[in-house]
Each structure stands twice: as C-alpha cells, then as structure tokens.
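> Under full-length UniProt numbering, the sequence shown has 288 at position 288, and the numbering climbs by one with no breaks.
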Amino acid sequence: MSTKTDTTYDIVVFGATSFVGQILTTYLFETYGVGRDVRWAIAGRSESKLGTLKQSLGKEAVQLPMIVADASDESALRTMCDQTRVVISTVGPYALYGEPLVKVCAESGTDYCDLTGEVQWIRKMVETYEDTAKASGARIVHCCGFDSIPSDMGVWFLQQHAEEIFGAPCQDVRMRVKVAKGEFSGGTVASMMNVAKEAAADPKLRKELANPFSICPPEHRSKTRQPSLKGAEFDRDFGVWLAPFVMGAINTRIVHRSNALQNARYGKEFTYDEAMMTGRGMKGRLAAYGITGALGGFFTASAFKPSRWLVEKFVPKPGEGPSPEAQQNGFYDLRFIGKTADGKTIKTRVTGDRDPGYGSTSKMLGEAGMSLAFDVDSDKQGGFWTPASLLDGRLHERLTSKAGLTFEVLETS
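Listed below in structure tokens is the structure:
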C-alpha cells in the first residue's frame with residue numbers, strides 16, 4: 001500500500017488523452033470499472049479532450065473524475081498529487097516533459113510509475129530526487145511497459161526457479177527476442193531520437209550510455225566484463241543468428257539495478273544481455289546483418305539535424321499508433337537462458353498476448369500502478385525502485401492473471 005492516507009483517489013492516470021493513455025484508461029475502465037473498489041481519476045492538460053475520452057467509454061464512465069493539469073505547471077501537479085496515492089504517467093518523451101511531475105511526487109510522498117526508456121533521464125532523476133523521495137516515502141518506479149517489465153520480471157522469474165531447483169541463482173542470463181509482432185510507438189521513436197541527439201552533443205553522456213551500471217548505486221559494480229552485442233552474431237545456445245535488440249540498452253540497466261536493490265541477489269558478478277533472434281542459416285545471417293545496419297543508420301541519422309528531419313518524415317509521431325485490430329493481433333515471445341557458476345542451465349519463456357508497444361504495455365503499466373497502490377508493504381522505504389525489486393511476486397501474479405503475460409520454465413539441465 002502507498003504510505004499516503006486520506007486521499008480522494010487511489011490512482012490518477014496522468015496523460016490520459018495520449019495514445020497509450022487512452023488505451024490504458026480503457027483497460028482500467030473495463031477491468032476495474034468506476035465507483036467500485038478502486039478510486040481512480042484521469043488527468044491531462046485539456047478538459048475538453050478528457051471529456052471526449054470519458055464519452056468514448058460509454059454511459060458508465062460518467063462518474064469518472066477528471067483533473068486538469070499541465071506537465072509544466074508544478075502548482076497544478078501538486079494539487080493533483082495531493083488528491084492521490086499513486087500517479088501513473090504516460091507523458092513523454094520524459095526527458096523533455098517528465099521532471100516536474102517526478103519532483104512533485106518525490107516531494108509530496110506520492111508513489112509514481114511510468115513508461116520511460118530514457119536511461120540518461122532516469123539517472124538524472126535518481127541523482128536529483130532520490131534523497132527527497134526517501135525522506136517523503138515516495139516510491140518511484142520507472143520503465144513499467146515493454147521496456148522493461150518482461151525483461152526485469154523475466155529474470156526475476158528465472159532466478160526464483162534457479163534458486164528453488166539448483167539452490168543458487170544463475171550468474172549469467174541472456175534474453176533473446178524470438179518474435180515481437182507490433183509497431184513502435186511514436187513516443188518510443190521520439191524518445192530514441194532524443195537520446196541520439198543528446199548523445200551526439202555530449203561525450204559524457206555517450207560514455208554513460210555505454211556503462212551497463214549507469215543507474216546502479218555507485219558501490220554496485222562488477223569486475224566481470226558484461227556482454228554487449230554490437231553486431232550480427234551466432235548464438236550456440238539457441239542455434240540461431242542474433243542482431244542487437246534496440247530495447248536492450250535500457251532493459252539491461254534496469255535488470256542490473258534490480259540486482260543491486262536486492263542486495264546482489266543474482267550475484268555480484270552477474271552478467272546479462274539481450275538480442276533478437278533472426279533465424280538459422282544464411283537467411284538468419286543476412287537478416288542479422290540487415291537489422292544491425294538499419295539500427296546503426298537510424299541512430300546516426302537521428303543524431304544530426306540535417307538528416308533528422310528526413311527520419312521524422314517516415315517514423316510515427318508521438319500520439320500515433322496502430323489500430324485496435326493491430327494491437328489485438330500483436331504478441332511477443334521472449335526466451336531466457338541462465339547458467340549457474342557450476343554449469344547448471346535453465347531455460348524459460350515470457351509471452352504477451354498483445355502488441356508490445358501499446359496493447360501489452362498499457363496493461364502492464366496499469367497493473368504496475370495497481371500493485372503500487374494495493375500490494376506494496378508500507379514499510380518499503382521511499383526511493384527509486386524497479387518493477388522486480390519493489391513489486392516482485394505480487395506484480396507477477398497480476399501480470400499473469402490480468403495483463404495477458406505468461407511465464408514458463410521450458411527445461412533445466
């Protein structure tokens with residue numbers, strides 16, 4: 001449970017009229033209703049757009065409360081936070097618009113979760129507001145969508161079973177995206193382009209982005225070199241070709257922070273990386289090289305103004321996304337392999353029943369907010385957490401019972 005009491009609402013969805021915010025609002029309405037056990041409200045900068053969203057939900061949504069607040073207006077954000085125990089934010093790119101709300105939540109003791117995948121911004125928020133959040137009791141949890149819940153909770157699940165079966169955690173874990181059917185969100189693309197732009201202008205940031213422990217506490221470091229797939233490579237464990245996975249840059253850092261916040265439960269020399277499976281044989285090899293080249297071209301073009309405008313013409317804009325049918329037809333299948341220090345092996349799988357960028361992300365974010373509001377022990381101190389380190393098994397139960405995820409042990413040896 002949140003440490004705050006006597007608030008009007010359990011949860012406020014901030015940015016409810018954004019593309020992903022509308023999907024999230026629809027999910028919460030269909031799952032939890034209005035005026036029942038969960039007291040929740042929607043918030044955003046436009047009262048008329050909030051009203052239109054309510055109307056789209058039908059007559060039963062007439063009692064859904066609305067709060068008008070702009071992401072840059074600290075006074076309005078403070079009034080909003082005073083009314084709720086938890087805020088779920090979908091207002092990104094967070095590096096451009098997210099800091100005022102994190103600041104107000106940290107100061108007011110309001111629990112918070114979001115969808116950011118911007119590692120440089122997360123580090124800044126931790127450095128700037130963690131002491132404030134610890135003092136107020138606010139639990140801040142970034143990365144509660146496709147980046148990085150399936151990765152973070154997938155490793156948590158694998159390690160749970162490794163400890164039960166082998167009596168020890170796996171010191172090395174690799175995640176491989178077997179399939180992910182769905183489109184990138186406009187917000188995700190905008191965030192990636194903003195990171196590329198900032199990194200091109202800041203050598204210090206480029207160095208930080210190369211550090212797998214960049215958002216871990218300073219004392220949590222490893223002497224073991226961390227794997228980092230930079231190009232096409234053959235994976236002998238799965239017998240397939242691999243290409244870099246664009247979300248790996250944020251997911252690996254969240255997983256390492258989870259390990260640190262659990263007192264190095266996975267081991268002080270724990271190693272982790274992520275990649276995409278591209279298939280077997282020559283076809284798989286060519287696909288791996290093709291994806292590697294395309295990713296390199298995207299980030300290079302995004303970094304410089306003369307070519308950035310061209311990229312922007314062909315990628316989705318923030319607020320744009322796939323049709324409801326495309327969201328329904330999307331899915332993903334992630335494979336994990338873990339190895340203990342003495343060579344024992346476990347393979348697991350995580351799947352989602354909607355497209356990763358929107359349908360599944362919205363359900364994961366909604367259940368992360370619910371878990372913050374109702375599952376977290378009040379003695380869990382304030383600060384910047386991760387999904388696995390704070391929400392652990394209770395979030396796992398919500399993901400499997402409500403959000404359409406599955407977690408499965410495939411084999412051990």
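Don't be surprised by glycine CBs; every beta carbon is placed ideally from N, CA and C.
Would you report the Cα separation of G98 and S413, rounded to the nearest angstrom?
45 angstroms
> Just verifying my parser: in three-state terms, what is the DSSP assignment at I291?
helix
> In the DSSP assignment, find the unbroken beta strand (DSSP E) run with M277 in it and report its ends.
It spans T271 to G279 - the beta strand (DSSP E) in which M277 sits, taken as one unbroken run.
> Rounded to whole angstroms, what is the Cα-Cα separation between A260 and R349?
24 angstroms
> Going by CA-CA distance only, name the one from H161, V119 and A16 that's closest to V91.
Of H161, V119 and A16, the residue nearest in Cα terms is A16.
> Pick helix, strand or coil for S148, following the three-state DSSP scheme.
strand
> Considering only residues of the same chain and omitting the five flanking positions on each side of G145, which have a CB-CB separation below 7 angstroms?
L115, T361, M364 and L365
> Give the list of continuous beta strand (DSSP E) stretches no shorter than 3 residues that lie fully inside the region 351 to 403.
Listed in chain order, they are 383 to 385.
> Cα separation between D202 and A41?
40 angstroms
> Which of the three DSSP states, helix, strand or coil, is assigned to D131?
DSSP places D131 in helix when its eight states are reduced to three.
> Please classify A264: does DSSP put it in a helix, a strand, or coil?
coil
> To test your reading of the DSSP string, which unbroken beta strand (DSSP E) runs of 3 or more residues are found completely within the UniProt domain "Saccharopine dehydrogenase NADP binding" (11 to 141)?
Listed in chain order, the complete beta strand (DSSP E) runs (minimum 3 residues) inside the UniProt domain "Saccharopine dehydrogenase NADP binding" (11 to 141) are 40 to 44, 66 to 68, 84 to 89, 111 to 113 and 139 to 141.
> Can you list, in chain order, the residues of its chain with a C-beta nearer than 7 angstroms to that of K59? Leave out the 5 residues immediately preceding and following it.
none
> Could you tell me the alpha carbon to alpha carbon distance between R206 and A196, rounded to whole angstroms?
9 angstroms
> Do V173 and G321 have their CB atoms nearer than 8 angstroms?
no
> Which of the three DSSP states, helix, strand or coil, is assigned to E164?
helix
> Would you check if the region 152 to 163 and the region 237 to 250 touch, i.e. whether three or more CB-CB distances between them fall below 8 angstroms?
no
> Once you ignore the five residues that flank residue 414 on each side, which residues in its own chain have a CB closer than 6 angstroms to its CB?
Residue numbering for the chain in the displayed model covers 1 to 413; residue 414 lies beyond these limits and cannot be assessed.
> Determine the burial state of L410: buried for a count of at least 16 other Cβ atoms within 10 Å of its Cβ, exposed for fewer.
exposed
> Flag this pair as yes or no: are the beta carbons of G293 and G352 separated by less than 8 angstroms?
Result no, Cβ atoms of G293 and G352 do not sit closer than 8 angstroms.
> So the alpha helix (DSSP H) A326 belongs to, where does it begin and stop?
P324 to N329
> Once DSSP output is grouped into helix, strand and coil, what is the label at E219?
In this structure, E219 counts as coil in the three-state DSSP scheme.
> Is G239 closer than 8 angstroms to R280 when the C-beta atoms are compared?
Going by beta carbons, R280 and G239 fall inside the 8 angstroms limit.
> If you follow the beta strand (DSSP E) that R206 is in, where does it begin and where does it stop?
Unbroken run through R206 is the alpha helix (DSSP H), P203 to L209; no beta strand (DSSP E).
> Throw me the rounded Cβ distance for the M80 and A106 pair, which I believe falls under 8 angstroms.
Incorrect: roughly 14 angstroms between the Cβ atoms, too far for contact.
> Go through its chain and collect everything with a Cβ distance to T345's Cβ below 6 angstroms, but skip five positions before and after it.
K339 and S413
> Output yes or no for whether 8 angstroms exceeds the beta carbon distance between L399 and D375.
At a Cβ-Cβ threshold of 8 angstroms, L399 and D375 do not count as neighbours.
> Thinking Y112 and V141 are a contact (beta carbons under 8 angstroms), I'd like their distance in whole angstroms, please.
About 7 angstroms separates the beta carbons of Y112 and V141, which is inside the 8 angstroms limit, making them a contact pair.
> Anyone know if the C-beta pair for Q327 and D355 falls short of 8 angstroms?
yes
> Taking all protein chains shown into account, decide if Q171 is buried (16 or more other Cβ within 10 angstroms of its Cβ) or exposed.
buried
> Would you tell me roughly how many angstroms separate the C-alpha atoms of residue 498 and H220, rounded to the nearest one?
In the structure as shown, the chain begins at 1 and stops at 413. Residue 498 is therefore absent and cannot be evaluated.
> Do you know offhand how far I123's Cα is from L96's?
Rather than Ile, the amino acid found at residue 123 in this sequence is Arg. Near 14 angstroms, if we compare the C-alpha coordinates of L96 and R123.
> Do you know offhand how far P387's Cα is from S48's?
34 angstroms
> Identify, in the order they occur along the chain, each residue of the same chain with its Cβ nearer than 7 angstroms to the Cβ of Y27, setting aside the five sequence neighbours on each side.
S362, K363 and G366
> Who are the Cβ neighbours of G35 in its own chain at under 7 angstroms, not counting the five residues just before and after it?
Q63
> Just to confirm before moving on: does the CB-CB distance between W241 and A232 stay below 8 angstroms?
yes
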